[in-house]
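Data block below; observations after.
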Amino acid sequence: MQTESQTYEIKFYPRGPKNTEWKIWPTGGGVAAATGVAGSFTLAERDAKKALERLTGKGV
0 MQTESQTYEI
10 KFYPRGPKNT
20 EWKIWPTGGG
30 VAAATGVAGS
40 FTLAERDAKK
50 ALERLTGKGV
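Take a look at the structure:
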């Protein structure tokens, strides 16, 4: 049985004056595969990249 490789995109959303929410969406649509909130855009970007690596199996 063969599974299709899924592609994802990261989107960022401002949440208040200091927080940034991130979500990882499948490119073909559907529900968010991962979400999180961080205290700055830099931290949100770092956390989202780590989550994306876990989802795609890279960096293992």
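Numbering-wise, numbering that gives the first Met the number 0 puts 48 at position 49 of the sequence shown, and it's gapless, one number per residue. For each residue, glycine too, the CB sits at the ideal point set by N, CA and C.
Check your understanding: CA-CA distance, Q5 and K17?
Key -> Taking C-alpha positions only, Q5 is separated from K17 by approximately 32 Å.
Practice item. State the beta-bridge partners of G27 as determined by DSSP. Key: In DSSP, G27 forms no bridge with anything.
Check your understanding: Any idea if T19 is buried or exposed, counting beta-carbon neighbours within 10 angstroms, 16 or more meaning buried?
Key -> Classification for T19: buried.
Exercise for review: Report the three-state DSSP secondary structure of I9 (helix, strand or coil).
Suggested key: Here I9 sits in strand by DSSP.
Check your understanding: Buried or exposed: where does S39 fall if 16 or more other Cβ atoms within 10 Å of its Cβ makes it buried?
Key -> Flag for S39 reads exposed.
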